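Numbering (full-length UniProt numbering), first residue to last: 1 to 396.
Take a look at the structure below.
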């Protein structure tokens, strides 16, 4: 008994059949076997038999078979963006704040320019031109837009809506080389003076809280991120141990539609760390313990309403202080770089990396340690090269 005709291979079609529908109108048709094993009919029209068959062949070449999530190369990019964001939220791997940042970037930078294009229209040259133009806005936005657009189109590739991701074929972005900058001891003194002045200056509204001054001191004492410092609880601090210690176990998060909250893990897994405290930080914390009323959060830094401080509010107050000190360039992150630079100079980069909670000392070296203006004094060591010559006599 014969086995019968073998099935048509996937993504191929059979013979073309053409018929005249009416004078001057011909229909060409064939059957295509898609990746899901289903066979579907595809047709095209033309004014002649040859024109109809030519139109059908072109349609077959451009055709994208049905895929999961109703995704095809005909899908507009803005619809893919909605599917991608929904996937990220359902996956639960990324923080809600990170996904919200992606969404803002898409609506502000990517979709206004590319949102109405179909996936099949996103050629490498078109994507390249878009990314290059973003450099005029900011190098940071250009880099982030490329990452987000690339990840989104990777999803289209996984669902067979695209064969290749055009973002992966674009030119590599060159990160502008900038010198890492850290505070000098003189600049630290200027900032402390500006913080003191902010507490005593005449201003309308309620009296300034001392929290910003103490947050500044604790960031200098630990190299911790501002969100990590604001998330500290008294249960994370042991002032009676030898040496006194502080353990970073969380960070502060703010999301639309939700009150600011403490996330019970820092930015990265390596961010969980216990740090020895210098004497000036211990003195400051003991003072806060004596003067601060207990709160339901067990928070070291708490608002007048008994809630966690928002990072953005603290940074807003910090901008006023740094401007009054004539140090507009000093962001809270500069304090981390100052700590890393000092530890690297006195110990090594590996110790600085562990203090900051980095997963690799290479990150610390590249982005957090300022290069000294003067190289280490090794003149006595180099003098030995001349002394050895005198010991052996002058050369002939």
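All C-beta atoms in this analysis are idealised placements derived from N, C-alpha and C, irrespective of residue type, glycine included.
As the structure is a prediction and not an experimental result, all values here were calculated from the model.
Item	Value
For residue 308, three-class secondary structure by DSSP	strand
Paired residues, beta bridge with residue 76 - DSSP	118
Assumed close pair residue 248, residue 272 - CB separation to whole angstroms, cut-off 8 Å	6 Å
Straight-line Cα distance separating residue 52 from residue 33	21 Å
Three-state secondary structure (DSSP) of residue 38	coil
Three-state secondary structure (DSSP) of residue 184	coil
Option in 87, 28, 309 with minimal Cα separation from residue 229	309
Endpoints, the beta strand (DSSP E) within which residue 258 is located	258-263
For residue 246: DSSP bridge partner residues	237, 275
Option in 128, 348, 347 with minimal Cα separation from residue 145	128
Where the alpha helix (DSSP H) containing residue 177 begins and where it ends	Note, residue 177: premise wrong, no alpha helix (DSSP H); not H, not E.
Any 3 or more C-beta pairs closer than 8 Å across the region 272-282 and the region 364-372	no
Selected residue, minimal CA-CA separation from residue 283, among 245, 252, 259	245
Alpha helix (DSSP H) segments (min. 4 residues) lying fully within the region 283-338	311-324
Length of the line joining the Cα atoms of residue 40 and residue 29	10 Å
Extent of the continuous beta strand (DSSP E) to which residue 213 belongs	Not the beta strand (DSSP E): residue 213 falls in the alpha helix (DSSP H), residues 211-222.
Within 9 Å, strictly: CB atoms of residue 356 and residue 285	no
CB-CB length for residue 183 against residue 331, believed under 8 Å	The Cβ separation is near 11 Å, so there is no contact.
Start and end residues, alpha helix (DSSP H) containing residue 97	96-105
The region 177-192 touching the region 108-120, judged by at least three CB pairs closer than 8 Å	no
Local conformation of residue 71 per DSSP, three classes	coil
Length of the line joining the Cα atoms of residue 76 and residue 62	16 Å
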